[in-house]
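Below is one structure; the comments refer to it alone.
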RNA sequence: GCCCGGGUGGCGAAAUGGUAGACGCGGGGGACUUAAAAUCCCCUGUCUUCGGACGUGCGGGUUCAAGUCCCGCCCUGGGCACCA
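In our numbering, the protein residues as written are 1345 to 2243.
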């Protein structure tokens, strides 16, 4: 029997478990390395081969760093609150908790089969009361804080200075003042309510349900919000020092969406008491002279007060219709450039020229951005132009192309908006100024005259932090009869979920917890908060809990936190590029401000692994493919070999098909189950193939033939150590002492150097290729491995194929695991060959090569080497009798003769 | 529309501005075998008058030298999208 993964792998997994090989403890005498995977939601369908790609990469780094003397923290856990378990409960009656733990067991079984070097003693699940106790605790920290603008950080609410006049109004006023300043606050936020299903839908779910014929309306609900916007600037600034992919940095910046401009105050023509002004944000204050109307979002609070009697019915109808339009409909209309809106009857006064301009409402203005109101400059804004054209509103030009700009004469703002910068025209005090200067001057003028000020605005909005669900963390808050909201107190944590029969919300949309009256109603007449936290909550801080997961007295000890943090390497899917990473960074900064953590940022280096794609087959004929969609899966097709090329046909119909690669998903039927791969080839092969497919960051198709290739490589490696006689047990080969022949030693040290450099770069596919070259080379020269060379090979192989590496290591007579063997170092002397290859070029074209003895130093012996090159047959043949114009010598590489 | 990636053999891919295609798959040929599997060896970008010529999505440019740098396109994957 040759390489037998089915025996080797369970044996070593049991060994690691038994010896707690990967258990990590704080050890200040050693450098630490914290390598983290984005922990999975344990879904019912188990792992597919896409999951282990990132996990294998982190495992390689964990094992590599251990061998380099680092104290490695490499944990795994479960992001186990989530909708699927709750949906499953509604369908089957199985409690979400039972379902969740079933799924966790299955995930864990699959992960353990892959031989990852997790410290399983640190396993956590966000659904565990011992875990969410501290999620609730962190929420109380956030709720119990306010943001001090002067100091630029969060502080405990008790330290909030209370103005004298508030103080004078008594306790209730003080409390209200504090509540206003807390980082967590209650707010009536609109949600997508689906009365038929009695659920609140996420934006991306709305389209699906509307298509299914369900009504979805936007209704305001009492919601908890977190003031992430206070951290907008810091969330941008601190990206600076992170070793993250530029694409993720860019996405975060765009999401936060900083823009500089001015806030401008417009007086209302008809004074309505205190509501006598309208504030707008604009990035183009230089176009203020071109503002010909204003637009409020339909939800804007002033709409009610300013609307004139004559317009009231029309306005009310429009506001109502907006509420009923789904996001999707509004987007679809926007895509077609449709603009709708209604005149309120009211007018505002343009502060720069005292012109009277009408105020409209329109749903292209969003309540959530800026002030929910805009000044419209149709001459220089495409959207305003479309609206003005539809409604017949005046269009004025106030910017002209700068002198010298091409096409400057053909500007006609009546026909088309001119949004580009240029110079101001028809604009009073800023006439003839270039846009940038015009902006600065008019902003100064506004400030001097009390009509506005410079302002920075962010797209980022406060974080809607509550959900009307059962399967999430309860808020540790109560509502007193007085209306006061209070903490349950840290001693009362965790607030556990009540047992309920029915996981559906009530008809009115109240969360399912509201029906658990025995839980909700407290003896003193207080009622518990019945919303639950979103799934993000648990994943916002799990990396901190991993530092000290069994701490019963605190979420983590500062000793553990200061030792392990920050995460040195964080690997996960690009789908979390914005939200998860932004929310986690936000919480981390709050905890930093309050002194609970010691680093400003949680994740130092971030890598996004690519997707593993699965195969489906579609008709090859473009005519047919354009018709009704037909997709076939693996067992319906047959491969036909035509020369070099493989063709696919349908088994029964013989219809020619073409292969199509997509993200693996259950619904597409293109999922590959790791259980089957491991059963056939073993975990080492699977790990190796996942890494060999291509660069970690790139998506790549899952090709079964490639898996077999990796399996063959491991078999070859095995045969260097073992012989497998026909009728007997495998027996270890007798290896000679030392590192083998001179040739073998050179190869060995080159392999060490290459693998090391490539693992450092996380270029695992090429590191594996080096190992393959080594094995092939030894085998091909029919050499016996030197004993020491064999040991080093085991060490190099260990991060990639740890089970086999351990097995071979033991065959060399070692009794301990090689987990903590020091990583081998290449001997520089062994990296220098007797000769080196000089490439010969004539006019930049490769014409031949020369072997140069190493005695001619590439850097010193330039003249000798070029002389050799000039004298060579390859060069002289192409140079002929022409005289060389120039000879370029690249030390150690090539000579290029230019004639 | 905007912002990020990516286009290299039949396929997955490799290549600090310096020998394009390492390594693996697939294919062809051979060895071993009664036979097969397994294993091993050789060949495998295209064209060729066998000198060489051409080749990294397309068109230009910089350079002694470009897959790599610059400009303009095309295709493709992902993210965001009325953000004032």
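Note that beta-carbon positions come from the ideal geometry of N, C-alpha and C, so glycine has one too. Keep in mind it's a predicted model, so treat the numbers as computed, not measured.
Three-way DSSP call (helix, strand, coil) for residue i in this model
i            : result
residue 1879 : coil
residue 1648 : helix
residue 1758 : coil
residue 1565 : strand
residue 2001 : strand
residue 1717 : strand
residue 1506 : coil
residue 1376 : strand
residue 1465 : helix
residue 1439 : coil
residue 2251 : One cannot answer for residue 2251 here, as it falls past the ends of the chain, which runs 1345 to 2243.
residue 1931 : helix
residue 2081 : coil
residue 1483 : helix
residue 1779 : helix
residue 1688 : strand
residue 2046 : coil
residue 1497 : strand
residue 2157 : coil
residue 1956 : strand
residue 1626 : strand
residue 2123 : helix
Pair within 9 Å by beta-carbon distance, residue i and residue j
i            : j            : result
residue 1881 : residue 1892 : no
residue 1723 : residue 1740 : yes
residue 2184 : residue 2241 : yes
residue 1894 : residue 1573 : no
residue 1353 : residue 2028 : yes
residue 1607 : residue 1623 : yes
residue 1786 : residue 1629 : yes
residue 2234 : residue 2213 : no
residue 1816 : residue 1877 : yes
residue 1922 : residue 1599 : yes
residue 2059 : residue 2133 : no
residue 1390 : residue 1493 : no
residue 1621 : residue 1639 : no
residue 1385 : residue 1426 : yes
residue 1958 : residue 2069 : no
Cβ-based burial, residue i [other Cβ within 10 Å; buried from 16]
i            : result
residue 2100 : buried
residue 2226 : exposed
residue 1536 : buried
residue 1531 : exposed
residue 1557 : exposed
residue 1398 : buried
residue 2190 : exposed
residue 1783 : buried
residue 1929 : buried
residue 1374 : exposed
residue 1506 : exposed
Beta bridge counterpart(s) of residue i as assigned by DSSP
i            : result
residue 2185 : 2190 and 2240
residue 1533 : 1565
residue 1983 : 1992
residue 1638 : 1703 and 1719
residue 2287 : Because the chain here runs from 1345 to 2243, residue 2287 falls outside it and cannot be looked at.
residue 1823 : 1829 and 1871
residue 1818 : 1876
Proximity test, residue i beta-carbon vs the ligand ADP heavy atom, cut-off 8 Å
i            : result
residue 1771 : Judged by which ligands are present, the structure shown has none, so any question about the ligand ADP falls away.
Would you call the segment 1754-1772 and the segment 1723-1732 in contact, with 3 or more CB pairs under 8 Å? yes
Cβ contact check for the segment 1905-1919 and the segment 1846-1861: 3 or more pairs under 8 Å: no
Below 8 Å, can you find three or more Cβ-Cβ pairs linking the segment 1487-1500 to the segment 1521-1528? yes
I want to know whether the segment 2164-2181 touches the segment 2123-2139 - three or more CB-CB distances under 8 Å. yes
Counting pairs of beta carbons, one from the segment 1971-1988 and one from the segment 1999-2017, are three or more of them closer than 8 Å? yes
Any 3 or more C-beta pairs closer than 8 Å across the segment 2111-2127 and the segment 2089-2103: yes
Is the segment 1559-1566 close to the segment 1662-1670, with three or more CB pairs under 8 Å? yes
Three or more beta-carbon pairs under 8 Å between the segment 1443-1458 and the segment 1769-1783, yes or no? no
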